[in-house]
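Undergrad:
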């Protein structure tokens with residue numbers, strides 16, 4: 012057998028053994044493997060997975076382990092040594108667990124589910140998995156529309172999982188002799204947040220899928236952030252990950268109601284931690300991990316009602332212990348100078364979303380240019396010279412003036428910076444304007460809005476790029492945009508129905524994996540899959 016260290020580029024992705032791993036040797040009746048259909052670097056950064064990992068391991072006689080999508084070098088290592096994909100903690104094959112759970116955070120990771128199941132020797136179709144195979148289950152934001160993956164999962168969990176998952180596992184422990192079908196019927200009947208596709212066949216009336224009247228699924232909502240299970244520690248990875256820092260969740264939900272934002276609607280209502288609870292969580296995370304960087308995370312962190320009092324307590328602690336404090340997801344109309352004090356004087360990120368006030372009003376992004384310029388004046392006064400601005404192209408009612416407005420807004424910001432006397436400026440400013448493409452997501456006010464074609468998206472990006480080059484301060488403005496072809500496919504998967512399932516599997520068979528990574532994305536595989544199945548992507 013070849014050595015792992017001699018076979019892969021970054022073996023620490025597959026070793027396990029991170030600091031703060033729970034006890035894997037305790038007596039157990041239920042084994043759960045928590046999977047993320049993406050790389051170690053991405054999966055280890057996911058807060059929801061982290062919470063459930065510690066939740067399961069806190070249950071008596073339950074052990075939860077992890078698995079992430081391997082890159083090609085590790086895939087080759089497994090195949091050359093005739094090994095199945097296994098968990099990180101104990102190298103237990105995935106097929107030997109009772110439950111294999113996938114966190115579906117992003118539609119473009121769907122093909123990696125097949126990839127991981129096949130490496131584990133587990134049939135991808137539910138109907139081909141017998142009693143000796145684990146339950147293959149899914150949670151995460153993509154489960155609000157699970158239909159494109161309906162025949163690959165035994166059941167979907169919709170919503171927040173802290174309370175029901177504990178109950179589901181306890182129920183399973185009490186039913187050791189029941190068959191898989193019996194247990195699926197049980198959870199389907201007893202849990203409103205569980206969807207078992209095999210028990211609810213789809214009926215089509217032409218192109219329209221008619222929902223069975225006996226099938227109603229309600230997302231679970233954890234009512235109180237202060238009493239809901241929350242780990243006071245986190246794993247410290249073996250390598251640098253995407254969010255390589257201690258992360259504290261201050262609240263869930265968002266009151267802003269941006270009409271394109273799925274997270275803002277599916278995580279409603281707003282539920283905050285108390286000031287003491289939030290502060291203690293931050294301190295416990297830092298002291299139990301040794302991190303020298305802390306991120307205060309929520310959908311819109313600056314909207315936390317106790318943020319300023321929290322900063323009053325955290326900033327002295329962070330200064331004393333040499334901890335870098337990060338505040339992501341800041342709103343332009345609620346940013347205050349104190350919020351910048353703990354951040355590095357490198358770059359601030361804001362999301363105006365649209366280049367004109369008219370379009371910001373349409374999408375319910377209730378910030379004005381006065382908010383924008385006043386906020387950035389404060390930031391420039393704190394020593395910042397770099398600003399990242401996020402926009403969307405293809406929003407409903409968008410005009411060419413709205414598109415060009417992205418470049419004009421960036422130019423106005425640059426002008427504000429250069430109005431500062433030269434001897435008071437901290438060098439040149441750098442404004443990065445980044446545009447993604449509007450994707451109508453389920454359970455948003457814009458879920459039925461039309462989506463642009465790939466060509467339309469690219470033409471709009473070209474307009475912005477040309478307009479940036481026409482600005483006086485163009486050297487201070489950098490414009491980048493997302494891949495249009497990937498955005499189009501994401502829209503198909505987000506709004507798709509059961510007819511889409513065959514396309515996804517066929518694309519995988521033709522080589523589609525790691526679709527979320529532009530360097531791995533195989534557009535040809537998807538085009539062939541659409542052609543062979545006769546599915547028209549433009550219909551969706």
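In this note's numbering, the protein residues as written are 12 to 551.
The beta-carbon is built from N, C-alpha and C at its ideal position, and this holds for glycine as well.
(1) Quick one: what does DSSP say residue 144 is sitting in, helix, strand or coil?
(2) Among 246, 396 and 385, which one has its Cα closest to the Cα of residue 27?
(3) Nearest by alpha-carbon distance to residue 557: which of 484, 468, 402 and 419 is it?
(4) Would you list the residues sitting across from residue 400 in a DSSP beta bridge?
(5) Does the beta-carbon distance from residue 128 to residue 166 come in below 8 Å?
(6) Would you kindly report the start and end of the unbroken beta strand (DSSP E) that includes residue 247?
(7) Distance check for residue 472 and residue 480, CA to CA, integer angstroms please.
(8) To which residues of the same chain is residue 301 closer than 6 Å at the C-beta, ignoring the five residues directly before and after it?
(9) Kindly indicate the opening and closing residues of the beta strand (DSSP E) around residue 489.
(10) Please report how far the alpha carbon of residue 454 lies from the alpha carbon of residue 234, in whole angstroms.
(11) Would you mind working out which of 226, 500 and 50 sits nearest residue 451, comparing C-alpha positions?
(12) Decide if the stretch 509 to 519 is in contact with the stretch 455 to 468; the criterion is three or more beta carbon pairs, one per stretch, under 8 Å apart.
(13) Report the option in 298, 169 and 39 whose CA atom is closest to the CA atom of residue 30.
(14) Suppose the cutoff is 8 Å on Cβ atoms and the five residues either side in sequence are ignored; what does the same chain contact list for residue 543 look like?
(15) Where residue 170 and residue 277 are concerned, what is the direct C-alpha to C-alpha distance, given to the nearest angstrom?
(16) Out of 458, 489 and 21, which one is the CA nearest neighbour of residue 507?
(17) Thinking C-alpha only, which one of 217, 274 and 263 is nearest residue 116?
(18) Using only CA atoms, which one of 533, 525 and 495 lies nearest to residue 81?
(19) Does the Cβ of residue 212 have 16 or more other Cβ atoms within 10 Å, making it buried, or fewer, making it exposed?
(20) Find the nearest neighbour of residue 45 within the set 36, 39, 55 and 38, judged by alpha-carbon distance.
(21) How big is the Cα-Cα spacing for residue 22 and residue 16?
(22) How about residue 429 and residue 391: do their beta carbons lie closer than 8 Å?
(23) Taking the alpha-carbon of residue 377 as reference, which of 267, 228, 136 and 259 has the nearest alpha-carbon?
(24) Is residue 502 buried or exposed, if buried means 16 or more other CB atoms sit within 10 Å of its CB?
TA: Walking through what the data contain:
(1) Walking along the chain shown from the start, residue 144 turns up at place 133. Note: residue 144 maps to coil in three-state DSSP.
(2) For the purposes of this step, residue 27 is taken as the residue at position 16 of the chain shown. Residue 246 is the option with its Cα nearest to residue 27.
(3) Summary: the structure shown does not reach residue 557, with the chain confined to residues 12 through 551, and so no result is reported for it.
(4) Taking the chain shown and counting its residues from 1, the one referred to as residue 400 is at position 389. Its beta-bridge partners are 361 and 444.
(5) Here residue 128 corresponds to residue number 117 of the chain shown, with the count starting at 1. Here residue 166 corresponds to residue number 155 of the chain shown, with the count starting at 1. Going by C-beta atoms, residue 128 is not nearer than 8 Å to residue 166.
(6) Within the chain shown, residue 247 is the residue found at index 236, counting from 1. Following the DSSP letters along the chain, one finds residue 247 in no beta strand (DSSP E), marked with neither H nor E.
(7) By 1-based counting over the chain shown, the position of residue 480 is 469. By 1-based counting over the chain shown, the position of residue 472 is 461. Separation of residue 480 and residue 472 (C-alpha to C-alpha, rounded to the nearest whole angstrom) is 13 Å.
(8) By 1-based counting over the chain shown, the position of residue 301 is 290. There are no such residues.
(9) By one-based count along the chain shown, residue 489 stands at place 478. Annotation: the continuous beta strand (DSSP E) that includes residue 489 extends over 488 to 492.
(10) Stepping through the chain shown from its first residue, residue 454 is reached at position 443. Stepping through the chain shown from its first residue, residue 234 is reached at position 223. Our two residues, residue 454 and residue 234, have alpha carbons roughly 20 Å apart in a direct line.
(11) Indexing the chain shown from 1 puts residue 451 at position 440. Per the Cα distances, 500.
(12) Verdict: no, contact absent.
(13) By 1-based counting over the chain shown, the position of residue 30 is 19. Measuring from the Cα of residue 30, the nearest candidate turns out to be 298.
(14) Position 532 of the chain shown, counted from the start, is the residue given in the question as residue 543. Around residue 543: 517.
(15) As a working note, residue 170 is residue 159 in the chain shown. As a working note, residue 277 is residue 266 in the chain shown. Their Cα atoms are separated by approximately 8 Å.
(16) By 1-based counting over the chain shown, the position of residue 507 is 496. Ranked by Cα distance from residue 507, the first of 458, 489 and 21 is 458.
(17) Here residue 116 corresponds to residue number 105 of the chain shown, with the count starting at 1. Checked all of 217, 274 and 263; the closest Cα to residue 116 is 274.
(18) Along the chain shown, one-based indexing puts residue 81 at 70. When each option's Cα is compared against that of residue 81, the closest is 525.
(19) Here the question's residue 212 lines up with position 201 in the chain shown. Classification of residue 212: exposed, given that the 10 Å Cβ count is below 16.
(20) Locating residue 45 in the chain shown gives position 34, counting from the first residue. Of 36, 39, 55 and 38, the smallest CA-CA separation from residue 45 is found for 55.
(21) One-based indexing of the chain shown puts residue 22 at position 11. One-based indexing of the chain shown puts residue 16 at position 5. Each residue's Cα considered, the two are about 6 Å apart.
(22) Indexing the chain shown from 1 puts residue 429 at position 418. Indexing the chain shown from 1 puts residue 391 at position 380. It is not a contact, given that the beta carbons lie outside the stated cut-off.
(23) Taking the chain shown and counting its residues from 1, the one referred to as residue 377 is at position 366. Per the Cα distances, 267.
(24) Your numbering for residue 502 matches position 491 in the chain shown. Counting C-beta atoms within 10 angstroms of its own C-beta, residue 502 has 16 or more neighbours from the protein chains shown and is therefore classed as buried.
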